[in-house]
Each structure stands twice: as structure tokens, then as C-alpha cells.
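Chains as they are written, first to last, in the working numbering: chain A, 458 to 961; chain B, 458 to 961.
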């Protein structure tokens with residue numbers, strides 16, 4: 458037994474990563490832990506990638522189906538994609554090598570609402586799950602698993618897999634123990650019951666993952682950091698977007714449409730999200746809560762300042778500096794953070810009940826309020842839809858944020874027609890750029906267009922958008938959502954042809 | 458007092474429709490009852506339309522905001538649209554005159570997920586509700602309202618409106634009393650609780666609508682039928698679609714992915730839906746249930762034959778013949794039908810928990826599985842999204858059905874890129890045409906395209922779709938979802954230019 462592997466039966470199964478990876482076969486579907494670069498297995502994936510490369514050298518191509526919580530890291534997605542060892546990848550990724558393989562047509566990928574994955578796996582539509590490779594932060598004397606820095610789909614992987622490989626990562630804080638809430642009350646219909654969460658802080662499960670010891674075929678000890686990203690302070694554009702969001706929230710409170718302590722926040726990751734959180738730091742709202750996917754630096758700051766009473770999520774996504782602070786003072790965060798399975802952190806039922814305020818980033822929006830979150834120029838996937846649909850559809854207010862231009866001003870984030878739709882006009886309440894904010898609630902498509910062009914578009918693109926809208930309003934087949942189909946996607950085509958959406 | 462108005466205080470408020478309509482002012486937001494042509498007010502809207510026409514003749518244009526449950530009838534939508542008396546219309550309509558006004562740019566309309574309407578009104582984002590005009594089938598001695606043939610948003614209208622006009626329609630069956638289940642447990646966040654339905658038959662409320670008598674400003678007695686539509690027996694195309702759906706359900710049961718009595722059915726209205734229901738009549742499944750929006754002829758037949766144990770919905774949509782049968786033998790249906798507010802019949806929480814099998818019609822699908830349910834050629838709205846999003850997103854299996862061609866073969870229902878998106882690739886499990894069925898679950902976009910073209914497209918359009926997909930796969934910017942943006946909408950443009958999508 459070791460300090461982190463305190464169960465005798467499982468300690469006897471400790472092997473190195475190569476041996477563990479040897480227990481995975483070609484054609485296996487493998488469920489791995491990991492969500493936004495937190496809590497993914499650190500060594501077995503690399504060892505598996507070496508096996509794949511060796512097998513190919515011997516003329517015996519090897520591939521596995523790879524299912525995760527969400528994005529992982531170069532050591533996992535990158536390593537396996539590099540050797541083309543992945544058959545079907547789901548439900549979300551953000552790795553550059555993986556992205557390249559997908560977009561060159563060499564890897565199959567399907568992005569899925571993150572709350573849907575577990576039920577889909579139970580339903581059996583992706584086939585059987587053969588192996589789970591799950592990072593934990595420790596194993597108790599009686600064999601319960603102390604989860605790591607993310608929960609993701611680990612409960613489901615451990616339940617559904619025939620064989621289980623555990624990575625026990627001693628880099629993860631020991632203070633994580635007790636912070637998780639693993640709900641074992643889910644079922645397939647017709648046996649489903651209400652998920653009994655009525656406040657983000659509610660604990661409805663147990664702090665440990667369960668797994669029968671005889672399913673565990675290997676335990677690998679690791680000591681490696683998560684894929685932490687450096688926190689960059691908000692730039693001016695992000696700061697202006699955040700300012701508009703805060704003004705909006707303030708108006709909603711003053712109009713009586715939101716309580717003074719708001720409603721549970723959901724926030725995507727990235728610079729704009731962190732800027733909004735930084736804005737809340739300086740803002741008038743107290744006693745906040747979060748019911749979200751990921752706890753990033755900005756949320757940790759809000760907890761530290763006392764602005765945020767508590768945060769429910771499925772994963773951390775912290776900078777190295779924030780991880781240090783968290784580890785130094787973990788006890789202080791203990792009763793302020795709950796990490797849940799993503800099926801619960803993103804559950805439509807709970808998101809709707811709590812009335813989350815959803816804030817998510819996008820690739821582009823069109824003048825009628827449709828949102829593209831995933832595809833560059835309609836064909837090239839960036840990451841995936843992730844949990845944005847779980848939150849946007851069910852939120853009390855669904856806010857989408859983006860700088861008004863990209864690629865140094867060559868690309869407008871507001872276009873006549875989005876080249877791919879992830880969130881339809883029916884799920885989009887508010888669009889915000891550094892230019893301003895458009896509150897689309899209760900507006901017909903034509904009124905939305907006027908507002909989005911006026912408030913959100915970059916001044917450089919505003920005249921061309923107005924021109925499109927005016928001409929479409931004159932001669933469109935239908936004038937509910939006026940469009941000129943021959944031109945609707947021409948801005949994207951111009952970018953592909955000339956490297957810019959700007960008119961010649 | 459009268460036979461249907463058994464409360465003394467309300468009987469004293471009986472007036473004619475003209476007098477009642479005179480209590481509605483210009484600029485008022487008016488919430489009217491009505492869902493799929495059932496339970497809408499029959500006389501006040503027409504009287505209001507006359508006022509609007511008279512006001513315009515005097516040079517004083519009059520408009521109201523018009524909110525309903527869903528579609529109504531010519532006497533309501535048609536009459537008010539004809540005189541251009543509607544400012545903003547929501548959340549759904551299917552009236553030819555209304556549609557024409559919307560698509561000529563003369564009326565503002567916003568279609569909304571039907572489960573979202575009530576919370577949006579409580580949230581106050583459409584402004585105040587000034588007047589409710591609600592049809593009921595009777596008023597009890599103590600002033601409770603016996604709902605009519607639809608519930609829709611009536612609970613919310615009665616609660617939120619400053620003034621209430623009741624139409625008491627003695628054409629409606631007296632046997633409706635006791636059939637409804639009005640849930641008064643909803644709230645705005647942060648005070649929401651789980652909706653305690655775990656089976657379609659669960660009753661969680663009361664059979665009456667409540668309304669303080671002093672808010673009622675007028676009671677109008679009517680005796681008029683709902684907008685019943687003739688039931689047409691399934692044609693060959695619908696029958697073949699139904700056959701594919703039944704084969705799929707059968708396979709799911711045999712594969713252990715569905716129980717033998719299936720899961721609660723949700724079915725849109727129309728010929729194809731009725732054909733599927735007729736197929737179930739002859740099929741191997743027993744002990745069925747439905748958790749759906751509308752009870753149409755096909756469902757009544759299934760109840761009569763004993764195949765369907767019970768159906769939960771928010772409205773009837775029956776043919777005159779079916780209405781007669783229902784009225785003759787209403788007692789027999791009493792314990793087999795529950796009518797609920799649409800907030801509950803379509804509630805994402807309940808739909809997901811029950812695991813509905815959703816079957817909805819469409820305008821068109823693209824080769825990657827995105828669905829357009831509303832817009833012809835991307836700009837001309839037909840009806841609206843209705844409840845299809847509530848069900849499709851949260852269903853256990855989400856099925857979309859359509860004939861493979863329309864307009865006598867000039868239009869393909871399978872296109873390279875849909876011209877409008879209502880249901881994204883993430884919410885579409887199965888697409889069915891008379892040609893065949895494509896089970897898209899767990900497939901990458903490229904695999905979906907192969908399947909949809911092969912199984913669902915009409916043979917006349919299959920070669921052109923394959924050609925598009927092949928060329929896009931060769932030269933698309935990204936090859937996750939291959940597209941040629943200059944061509945993606947060209948099929949629609951060709952239809953607008955030449956009246957056909959067929960290549961020259």
C-alpha cells in the first residue's frame with residue numbers, strides 16, 4: 458500500500474503505465490476521465506499512444522473509441538490523435554492536433570450536449586464501453602475512490618466499463634476529499650425520479666466514486682500537474698463586454714426582473730468570461746452563487762473576496778497560481794465548492810429550476826440572433842458545443858458574448874447568416890460585444906436585426922449589414938426573416954477567397 | 458344564472474361580445490386561450506376585429522399584442538390579422554391570413570418554445586398582460602372555472618392579466634369537467650421546486666382554473682364548435698414513413714434499448730403523425746402511454762382499442778367525427794386523458810424524466826442532420842417551432858419525419874444545407890422519409906451524411922446530394938462538416954428562380 462492507495466486489494470494491482478496500456482485492445486471503446494484539462498489520466502494515454510505507433514510499425518493498425526468528460530490535454534488527446542489511434546472521439550475536445558485530424562477528415566468526431574452523454578452511454582447507442590481509464594486523487598482503506606480535479610462522466614465510465622484502470626495522481630490536492638457530490642440516483646426511463654437539487658449548494662449524493670475492486674485491472678501511480686493555463690488579465694475589449702453585461706444585470710435587478718443577489722451564474726471559460734467575473738468582483742452584487750461547469754480563476758477570486766457564496770461545477774480550470782492558492786488554503790474553499798458529475802452539473806432539469814444566468818462565448822452570431830459556437834466558415838470545427846446548449850436553452854437569461862471582430866478585424870462576428878447553427882434564435886436572449894448589448898427577448902426577427910446591427914456589430918461592418926438587411930427586407934421571398942440566399946454566406950466565402958470579410 | 462354559468466356574481470357580468478370587446482383598449486396586450494384550434498374564444502375576437510376596423514375608418518388605428526397558447530382559428534387569428542389589429546403575435550400560429558401578414562412584413566411575430574412562454578410572461582419580458590380572453594366550458598357555483606378543450610397558457614393569463622373576459626362555450630362537452638390537471642406549484646427562481654410528475658398519468662394539481670371574480674370584467678356566452686379538421690386516412694407516403702418508424706421501434710425493443718410498452722409517445726399533428734399512430738394500432742406494442750401536446754384522432758383510436766393506456770396533453774385536436782365519439786362516450790375517456798397547462802405538458806424537466814419518444818414533422822433536413830421546422834426558403838415562416846424543441850432536445854429518442862419531396866417533386870426535403878435551423882444536429886437522432894430511416898445516434902457528421910443521402914433522400918435527388926458531399930469532402934475549408942458555401946443554399950435559390958430544386 459502507498460500513501461494514496463490505502464486499499465490492500467487495489468494496491469496489489471499497481472503496475473506501470475505501459476503494462477496498464479497493454480490491457481487495452483484494438484477496437485475497444487475507452488472512457489477516460491478529464492474535463493477542461495483537469496483530472497485526465499496523465500500516463501496511460503501516452504503509453505497507449507506508443508502501443509498504437511508500435512502496432513502500426515508492425516502493419517497492424519490499432520484504434521480505440523475515445524470518450525471523455527470534455528477537453529483533456531496534449532498528453533491524452535494530442536498523443537493519441539498524433540498517432541491516429543482514435544476511431545470515434547466524443548463529446549468535446551479542444552486539442553490542436555486532434556482538431557487538425559478531425560478537420561482533415563482523418564478522425565471521426567461527434568460533439569454532444571455534455572448533459573446527454575451519460576444517458577446515451579447507458580442507452581447503449583455508442584456501443585459497449587470496454588475500458589475506463591480514470592484519474593482519482595486517492596483510494597480509501599475500504600476501496601472507495603476519492604475523485605480528482607474533475608468529475609465529468611467518471612461515475613458512468615466506472616459503472617459501464619467491463620475493465621477499469623485507475624491512475625492515482627498524488628499531485629492532486631489531498632484536500633479534494635469531501636468536496637465532491639456523486640449522485641447515484643439516476644436511472645433510465647421509465648424509472649427516473651426528480652433530481653432533488655433546489656439550491657446550488659445542495660448535496661444529494663456521496664463524496665466518493667464507487668467501483669467493484671474486481672473490475673479494476675490496473676492501478677497506476679502518477680504525480681503530474683493538470684494542464685493549467687496561465688491567467689491573463691482582461692484586455693480592453695473583454696473589459697468593455699463585461700461592462701455591458703454588468704450594466705444589463707444591474708438594470709434587470711432595478712427593474713425587478715432579477716433578485717439583488719442575482720441567480721446562479723453559469724460562465725464559460727476564457728478571457729471574456731474571466732473579465733465578466735472580474736467585473737462582478739468590483740460590482741454591486743453580493744451573496745452570489747454559481748451553478749456551472751467549470752471553476753476558473755475568476756470564480757476562485759470571487760469566493761476569496763466573499764462575493765460568491767458558493768459554486769457548483771464538475772471541474773476546475775485554474776492557472777498554476779490559482780492552484781497554489783487553492784492547495785494552500787483548501788479548507789477555506791471546502792464548504793464553498795461542490796463538484797458533481799457533468800450529467801448533474803449540466804442537467805436541463807436543474808438548470809431550468811435554478812434559473813441560471815448563462816454566459817457563453819461564440820464563433821459568430823447572425824443578425825437574427827442565431828449562434829454558431831463551433832464551426833469556422835461552416836465546416837471547420839473548433840472545439841464543440843460542450844455544455845452551452847444545456848445552459849442556454851434552460852437558462853433564465855441566456856447571454857452570448859464575443860468581440861465584434863476577429864482575425865485583426867478581417868472577420869466580423871456579426872454576419873448576415875451564420876454558417877452553422879448551434880443555438881437557434883429561440884435560445885438566445887442577449888448578445889454582447891464590446892460595441893454594446895442587444896436584448897432580444899420578445900422581439901421579432903426584424904426587430905432583432907435592427908438592434909444587433911446597431912448595438913453589436915463593429916462600425917466597420919455596420920453599413921454592409923444594414924445594406925444586406927435593407928435589401929433583403931425589400932425583396933426576400935418571405936419577410937419574417939428576410940434573406941438573400943445568394944448572398945447570405947458570401948461574407949464567409951469572401952474570407953475563404955480573400956482572407957477577409959471586408960468588401961473590396 | 459344559466460346552466461353553464463352557475464356562479465351568481467359572474468352571471469351578473471354576462472354581456473354580449475361587442476360590449477366585452479369594447480373593454481379592450483388599443484395597445485393592450487391580450488392573452489387569449491386556444492391551442493391547435495381548440496378552446497379559443499369564439500366571439501370576442503371577431504367583435505374586437507370589428508372595433509379595429511371601425512377605429513381605422515375613423516383614422517385611429519388600433520392594435521393589440523396577441524398572445525395565445527398556440528394556433529387558434531380564422532375567427533381569432535384570421536379576423537384580427539385581416540384588419541391588421543395585431544401588433545406583436547406570439548408564440549405560434551398556423552393561420553393563412555396571419556401568415557401572409559407576417560411574411561409580407563406587416564406583422565411582428567416571434568415564435569417561442571411553448572414551454573417557455575409562461576415563465577417569460579412572469580419574467581415580464583413581453584411587458585404587462587392587460588387583458589385575458591379565455592374560453593371555459595363552465596363556471597361552478599363557487600366561481601371556479603371548468604377549462605375547455607385546451608389549457609394552453611390559460612392559468613398564466615388568468616393570473617397575470619389585470620382584467621379578464623370569459624367566454625363560456627356550451628358547445629364544449631360537460632364531460633370535460635374533471636379531466637384537467639392545473640398545477641399551481643410553479644414559481645420564478647430561486648423558489649422553484651421539482652415538478653412532481655414521474656408517470657404521464659400523475660395528477661399534481663386541481664381540475665379547475667382559478668380567477669378572482671373581481672378581475673372578471675365580462676362574461677360572454679357562446680355555443681360554437683372548435684376549428685375541427687377532417688381526419689384524412691393515411692396516404693401511401695405517410696404509411697411507408699409510419700412503417701419505417703414502427704420497424705425502428707421494434708428493433709429498439711428487441712435490442713433492449715426500449716421497454717416492450719415503449720416510453721411515453723409525443724407526436725406532432727398532421728397526416729404523417731396520424732399514420733404512425735394508425736401503425737401502432739396494428740403494431741405489436743401494448744400498454745402504451747403518451748406525454749404530448751395534442752390528442753388527435755389517432756390517439757383517440759388507440760385509447761378506444763385499448764392499445765394506449767392513457768394520454769397526457771394540453772389540448773384536443775379532433776375531427777368532427779372524433780368529437781362526436783368523444784362526447785357520446787366521454788366517461789370512458791375520463792381516466793385515460795389528462796389535460797395540463799402547456800408549461801407542464803411540454804416541460805423539459807418532465808419530458809427528459811419520462812424519456813419521451815418524440816416524433817415531429819419538418820420542412821427540410823440537411824445531409825448533416827440539422828432540421829428546419831419553420832421557414833420556407835429560409836425566410837418565409839410557415840407556423841413556428843411550437844413544442845418541437847421542448848420535446849426533441851429532451852426526448853429519449855428524437856425522431857423527425859417528412860416525405861422526401863414536396864411540391865410535386867420539385868422540392869427535396871433533404872438538402873445540402875438547411876436554409877434555417879430550428880433543431881441542431883445535436884438534437885436529431887433519427888430522420889425518416891418514405892424512402893427509409895437514418896439512425897444518426899453516435900455518428901460523426903460525415904457518417905450521418907452518407908446515411909441520410911442513402912436512406913432518406915428521394916432517388917431523383919440522391920446523385921446531386923452525393924455529388925455535393927463528395928466535392929465538399931474534397932475541397933471544404935474544414936472536413937468535419939464539409940460544405941461548399943457558394944453552393945450550400947443554391948438549391949433553394951434555384952427553387953426561387955426556377956420553381957424547382959431539380960438541376961436543369
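Glycine residues also receive a C-beta, built at the ideal position from the N, C-alpha and C atoms.
Do the CB positions of residue i and residue j come within less than 7 Å of each other?
| i | j | result |
| --- | --- | --- |
| residue 771(A) | residue 492(A) | yes |
| residue 870(A) | residue 861(A) | yes |
| residue 581(A) | residue 714(B) | yes |
| residue 933(B) | residue 939(B) | yes |
| residue 734(A) | residue 834(A) | no |
| residue 729(B) | residue 698(B) | yes |
| residue 562(B) | residue 936(A) | yes |
| residue 588(B) | residue 623(B) | no |
| residue 839(B) | residue 943(A) | no |
| residue 630(A) | residue 768(A) | no |
| residue 661(A) | residue 480(A) | no |
| residue 688(A) | residue 776(A) | yes |
| residue 806(A) | residue 806(B) | yes |
| residue 462(B) | residue 468(B) | yes |
When the Cα of residue i is compared with those of the options, which residue comes out closest?
| i | options | result |
| --- | --- | --- |
| residue 907(B) | 893(B), 923(B), 916(B) and 915(B) | 923(B) |
| residue 504(A) | 666(A), 495(A), 475(A) and 609(A) | 475(A) |
| residue 766(B) | 565(B), 782(B) and 744(B) | 744(B) |
| residue 808(A) | 792(A), 688(A) and 746(A) | 746(A) |
| residue 818(A) | 618(A), 792(A) and 727(A) | 727(A) |
| residue 473(B) | 910(B), 510(B) and 502(B) | 502(B) |
| residue 574(A) | 916(A), 950(A) and 844(A) | 844(A) |
| residue 778(A) | 608(A), 648(A) and 683(A) | 683(A) |
| residue 656(B) | 649(A), 654(A) and 656(A) | 649(A) |
| residue 856(B) | 893(B), 863(B) and 867(B) | 893(B) |
| residue 789(A) | 776(A), 774(A), 773(A) and 763(A) | 763(A) |
| residue 832(B) | 792(A), 783(A), 665(A) and 882(A) | 882(A) |
| residue 603(B) | 609(B), 634(B) and 621(B) | 634(B) |
| residue 617(B) | 586(B), 590(B) and 928(B) | 586(B) |
| residue 723(B) | 646(B), 704(B), 756(B) and 776(B) | 756(B) |
| residue 693(A) | 859(A), 927(A) and 792(A) | 859(A) |
Sorted by chain position, which residues of the same chain lie with C-beta nearer than 7 Å to residue i's C-beta, five sequence neighbours on each side aside?
| i | result |
| --- | --- |
| residue 804(A) | 572 and 652 |
| residue 626(B) | 499, 592, 594, 605, 679, 680 and 681 |
| residue 441(A) | Coverage of chain A is limited to positions 458 through 961, which leaves residue 441(A) absent and any answer about it impossible. |
Going by beta carbon distance, what residues of the same chain come within less than 6 Å of residue i, once the five residues before and after it are set aside?
| i | result |
| --- | --- |
| residue 529(B) | 491 and 497 |
| residue 691(A) | 732 and 735 |
| residue 823(A) | 872, 874 and 875 |
| residue 525(B) | 489 and 491 |
| residue 579(B) | 645 |
| residue 801(B) | 640 |
- Is the number of C-beta pairs between the stretch 894 to 907 of chain A and the stretch 840 to 852 of chain A that are closer than 8 Å three or more? no
- Message: I'd like to know if the stretch 792 to 802 of chain A and the stretch 629 to 646 of chain A are in contact, where contact means that at least 3 CB-CB pairs between them fall below 8 Å.
- Response: yes
- Message: Under 8 Å: do the stretch 809 to 822 of chain A and the stretch 529 to 546 of chain A share three or more Cβ pairs, one atom per stretch?
- Response: no
- Query: Does the stretch 481 to 497 of chain A come close enough to the stretch 516 to 524 of chain A to have 3 or more Cβ pairs within less than 8 Å?
  - Reply: yes
- Does the stretch 746 to 753 of chain B come close enough to the stretch 545 to 552 of chain B that 3 or more CB-CB pairs lie under 8 Å? no
- Residues in the stretch 548 to 565 of chain A with C-beta within 8 Å of chain B's C-beta atoms, listed in sequence order? 559, 560, 561, 562 and 565
- Is it true that the stretch 946 to 960 of chain A meets the stretch 883 to 890 of chain B, where meeting means three or more beta-carbon pairs spaced less than 8 Å apart? no
- Would you call the stretch 660 to 678 of chain A and the stretch 825 to 844 of chain A touching, i.e. three or more CB-CB distances under 8 Å? no
- chain A contacts from the stretch 657 to 681 of chain B (Cβ-Cβ distance under 9 Å): none
- Query: Which residues, in chain order, does the stretch 813 to 844 of chain B contribute to contact with chain A at a C-beta distance below 8 Å?
  - Reply: 827, 832, 833, 834, 835, 836, 837, 838 and 842
- Query: Which residues, taken in chain order from the stretch 644 to 658 of chain B, show a beta carbon closer than 8 Å to some beta carbon of chain A?
  - Reply: 645, 646, 647, 649, 650, 651, 652, 653, 655 and 656
- Item | chain B contacts from the stretch 927 to 943 of chain A (Cβ-Cβ distance under 8 Å) | 929, 930, 933, 934, 935, 936, 937, 938, 939, 940, 942 and 943
- For the stretch 575 to 598 of chain A, which residues have a beta carbon sitting closer than 9 Å to at least one beta carbon of chain B? 576, 577, 580, 581, 582, 583 and 584
- Query: Listed from N- to C-terminal order along the chain, which residues in the stretch 718 to 732 of chain B have their beta-carbon within a distance smaller than 9 Å of any beta-carbon of chain A?
  - Reply: 718, 720 and 721
- Between the stretch 521 to 551 of chain A and chain B, which residues of the former have a C-beta closer than 9 Å to a C-beta of the latter? 545, 546 and 547
- Message: For the stretch 844 to 860 of chain A, list every residue whose C-beta sits within 9 Å of some C-beta in chain B, in sequence order.
- Response: 846, 850, 851, 853 and 854
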